[in-house]
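Counting from 1, position 192 in the sequence shown corresponds to residue 194 in our numbering; the numbering is continuous, with no gaps.
Idealized CB from N, CA, C, for every residue including glycine.
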Amino acid sequence: MARIRVLVVDDHRIFAESLAAALAAEPDVDVTAAGSGPAALRCLDRAAGEGRRFDVMLVDSDLGGGDGVALVAGVREGRPGLRCVVLAEKDDAPRAALALQAGAWGWVAKDCSLQRLLAVVRGVLRDETHLPPALLTGVLRELTEARKHRTESERLVESLTPREREVLRCMVAGLGRKAVAERLFLSPHTVRTHMQNVLGKLGVHSTLAAVALARRAGVGPAEEPPGAALAGDVVERGGQLA
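So this is what it looks like as C-alpha cells:
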C-alpha cells in the first residue's frame with residue numbers, strides 16, 4: 003500500500019496533535035506535526051536529507067498571526083511534488099485567492115469532517131484543486147482582478163529602458179540610492195534620475211509603491227554579485243575565528 007506522508011503545521015498544539023492523531027489512524031497515512039513555519043521547514047529539509055519527502059502539507063492560514071500563506075509560497079520553490087492545503091477558520095475569498103496564487107492546492111475549513119479532509123488530501127495528489135463551493139465565485143473574481151492588475155503592471159514595466167529595469171530590480175532588492183550606484187557603477191545623481199524616471203513611468207509616488215507594482219509584474223530582486231557574497235562570507239568567518 004502506497005503511504006501518504008502528511009505534515010500538519012499549526013501553532014495551536016491541541017488542534018495539531020488531535021488532527022495528526024486522527025489522520026494517523028488511517029492505514030495509508032503517516033503524519034508529522036510542526037508548530038511553526040521554521041519548524042515545518044526543518045521537517046521538510048530533514049526528510050529531504052534522509053531521502054524521503056512529504057506529499058501533503060496542511061497549514062493553518064493564521065499560522066504565527068497570519069503567515070500561513072507566506073509559508074506556502076516559501077516552500078513552493080524546490081518542492082514541486084509537495085501539495086499544500088490551507089486550513090482556515092472561516093471562508094475568505096481574497097485570502098483563498100492569495101493562497102492559490104502562492105501555490106496552494108486547496109482551502110479547507112478547519113471544522114470540516116475528517117472524511118472531507120481525507121478526500122482533499124487524496125484529491126490534491128491527483129492534481130485536483132479543492133475549494134468550498136461557497137468560495138468559488140469570489141475566488142474566481144479575485145483571481146481575474148489580480149490578473150488584470152498584473153497585466154497592467156507588466157505593460158508599465160515594459161515601458162522602462164533596460165537600465166531603468168536594472169534600477170527597479172535593485173529597488174525590489176531593498177537597495178538605497180547609494181547602494182544602487184555602487185552596484186551599477188553609476189553616480190548617485192544618475193541613479194536619482196533613473197529612480198525618478200521609474201516612478202514617473204510606473205505612475206507611482208514612492209519606492210514602496212514601485213516595488214509593489216514590480217512584484218505584481220513578476221519582477222524579482224537584483225541578485226547579489228558573486229564577489230560581494232564571497233567577501234561577506236570571509237568577513238563573517240574571520241569574525242568567528244577571531
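- Looking from the CA of residue 24, the closest CA among 55, 189 and 116 belongs to 116.
- Excluding residues up to 5 positions away in sequence, 10, 87 and 89 lie with their Cβ nearer than 6 Å to the Cβ of residue 60 in the same chain.
- A Cβ-Cβ contact shorter than 8 Å links residue 73 with residue 65.
- Residue 39 carries a helical assignment under DSSP once its states are collapsed to helix, strand and coil.
- The three-state reading of DSSP puts residue 191 in helix, counting H, G and I together.
- Here residue 219 has 155, 156 and 159 as same chain residues with Cβ atoms under 6 Å from its own Cβ, once five neighbours each way along the sequence are excluded.
- Of 222, 47, 135 and 79, the smallest CA-CA separation from residue 94 is found for 135.
- The DSSP-derived three-state label of residue 62 is strand.
- For residue 108, the enclosing beta strand (DSSP E) covers residues 108-111.
- Just so you know, the alpha carbons of residue 4 and residue 198 end up roughly 58 Å apart.
- For residue 90, the enclosing beta strand (DSSP E) has its first and last residue at 85-90.
- Taking the Cα positions, residue 14 is about 16 Å away from residue 33.
- Rounded to whole angstroms, the Cβ separation of residue 101 and residue 71 is 5 Å, and the two are in contact under 8 Å.
- Ranked by Cα distance from residue 113, the first of 214, 209 and 20 is 20.
- The beta carbon of residue 57 lies closer than 8 Å to those of 6, 7, 8, 83, 84, 85 and 127 in the same chain, with the five residues before and after it left out.
- In the three-state DSSP reduction, residue 207 falls in the coil class, being neither helix nor strand.
- In the same chain as residue 131, and ignoring 5 residues on each side of it, the C-beta atoms closer than 6 Å to its own belong to 107, in chain order.
- Non-local C-beta neighbours of residue 224 in its own chain, meaning closer than 6 Å and more than five positions away in sequence, comprise 171, 172 and 175, ordered along the chain.
- Between the beta-carbon of residue 42 and that of residue 49 there is about 11 Å, and that puts the pair past the 8 Å contact cut.
- According to DSSP, residue pairing for residue 93 in a beta bridge does not occur.
- In the structure shown, the three-state DSSP call for residue 7 is strand.
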